[in-house]
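Numbering (this note's numbering), first residue to last: 710 to 1035.
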């Protein structure tokens, strides 16, 4: 830490998926910027970044729901939201709360430390995100790693041209290829061998692909998905539409990310973009204290009005009896 303190950093860029980066920034008293795609269930953005997440139309991340939910899907989304809240609090955050408190020498929490981030750079964009409320210190930088297309290497260009009118299929497994069993590899090869193209990119829910379960799929399932994506023109149309949306931005994602990082450096932070929600308790954030106060006022008013009415009834009742006797 002493060596780090001597470096005099202007800003730190941290991925909050794995804790402790923000703890180092706090110990060094350096402003920091968070960059991530999404945390487990979106809970860090929700609880630490105070990002509004009404379960009525904001689906819990990574559970396969959309913003157009049926009643039963809304029930499922609400239950999952509560589950993630409780699970993250009980089995993950509480451990880090204790660790951060010991490291900083004062009572604190992981979310309190993460909440001090000047800017949250979210690595996605509205082509893949459902419309939802965001805060001014949240910026989308999805696609910051993308570069303009370059000509294909000669050998690959020759391979593409040799495919004829059927074209090629790009099948990417990413890092999962390292854990792919021989059985699954043969299953994929068997399905690819049955299509006329020479070699798939999968994204469901937005009409850009067909989802197949890697653990339960058969060769026939994969072949059916391949043929659907290849032969149904709606998939290509949706991909092209999403591509146009993504590229139709006034500023490139990388330039936007650089701007906000340099903004934090120039102004020693971005406190003016940080919502006051970070200073509120859970009760205050949800206005439960205000609701209780208003209910108490309403109950008091009803009680007083009821008492006045009863008093008036007794008063006028006694007066009426006296007049009858007279």
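We put the CB at the ideal spot given by N, CA and C, even for glycine.
Which same chain residues, not among the five before or five after residue i, have their C-beta less than 7 Å away from its C-beta?
i: residue 726; result: 745 and 748
i: residue 732; result: 809, 812 and 822
i: residue 719; result: 974
Does any heavy atom of the ligand SAH sit closer than 8 Å to the C-beta of residue i?
i: residue 806; result: You won't find the ligand SAH in this model; it holds no ligand whatsoever.
For the alpha helix (DSSP H) that residue i lies in, which residues bound it at each end?
i: residue 866; result: 863-870
i: residue 811; result: 803-813
i: residue 735; result: 730-737
i: residue 821; result: 819-823
i: residue 711; result: 711-714
What span of residues does the beta strand (DSSP E) with residue i cover, start to end?
i: residue 830; result: 828-831
i: residue 745; result: 741-745
i: residue 849; result: 847-849
i: residue 721; result: 721-723
Out of the options, state which residue places its alpha-carbon closest to the alpha-carbon of residue i.
i: residue 970; options: 925, 880 and 721; result: 721
i: residue 1039; options: 964, 805 and 973; result: Only positions 710 to 1035 of the chain appear in this structure, which leaves residue 1039 out of reach.
i: residue 902; options: 921, 819 and 880; result: 880
i: residue 839; options: 829, 771, 830 and 979; result: 771
i: residue 697; options: 921, 892 and 766; result: What is shown of the chain runs 710 to 1035, which leaves residue 697 out entirely.
i: residue 976; options: 1015, 872 and 741; result: 741
i: residue 992; options: 897, 1002 and 864; result: 1002
i: residue 712; options: 802, 730 and 737; result: 737
i: residue 847; options: 1017, 994, 966 and 716; result: 966
i: residue 794; options: 820, 863 and 932; result: 820
i: residue 934; options: 946, 921 and 925; result: 921
i: residue 889; options: 869, 762, 924 and 867; result: 924
i: residue 834; options: 826, 995, 764 and 849; result: 849
i: residue 751; options: 827, 841, 719 and 940; result: 841
i: residue 762; options: 995, 990, 803 and 862; result: 995
i: residue 990; options: 805, 759 and 931; result: 759
i: residue 853; options: 960, 942, 802 and 843; result: 960
i: residue 804; options: 743, 781, 729 and 830; result: 729
i: residue 898; options: 932, 869 and 778; result: 932
i: residue 789; options: 815, 943, 764 and 807; result: 764
Cutting at 6 Å between CB atoms, please list the residues of its own chain near residue i, excluding the five before and the five after it.
i: residue 1057; result: No answer is possible for residue 1057: it lies beyond the span of the chain, which begins at 710 and ends at 1035.
i: residue 836; result: 951, 954 and 955
i: residue 896; result: 928
Would you say residue i faces chain C, with C-beta separation under 9 Å as the test?
i: residue 838; result: Reference to chain C is not applicable here, since this structure consists of a single protein chain.
Does residue i pass the burial test, meaning 16 or more other C-beta atoms within 10 Å, or should it be called exposed?
i: residue 784; result: exposed
i: residue 1007; result: exposed
i: residue 962; result: buried
i: residue 860; result: exposed
i: residue 978; result: buried
i: residue 1021; result: exposed
i: residue 669; result: Summary: the structure shown does not reach residue 669, with the chain confined to residues 710 through 1035, and so no result is reported for it.
i: residue 983; result: buried
i: residue 723; result: buried
i: residue 791; result: exposed
i: residue 753; result: buried
i: residue 1019; result: exposed
i: residue 946; result: exposed
i: residue 999; result: exposed
i: residue 891; result: exposed
i: residue 980; result: exposed
i: residue 873; result: exposed
i: residue 938; result: buried
Closer than 8 Å by C-beta to residue i: which residues in its own chain qualify, once you throw out the five before and the five after it? Chain order, please.
i: residue 908; result: Any reading at residue 908 must be qualified, since the residue scores a pLDDT of 48, below 50, and its modelled position is unreliable; no value is offered.
i: residue 714; result: 737
i: residue 1024; result: none
Could I get the ranges of all uninterrupted beta strand (DSSP E) runs contained in the stretch 928-1014, with 3 residues as the minimum, in chain order? none
At 3 residues or longer, what runs of the beta strand (DSSP E) sit wholly inside the stretch 741-800? 741-745
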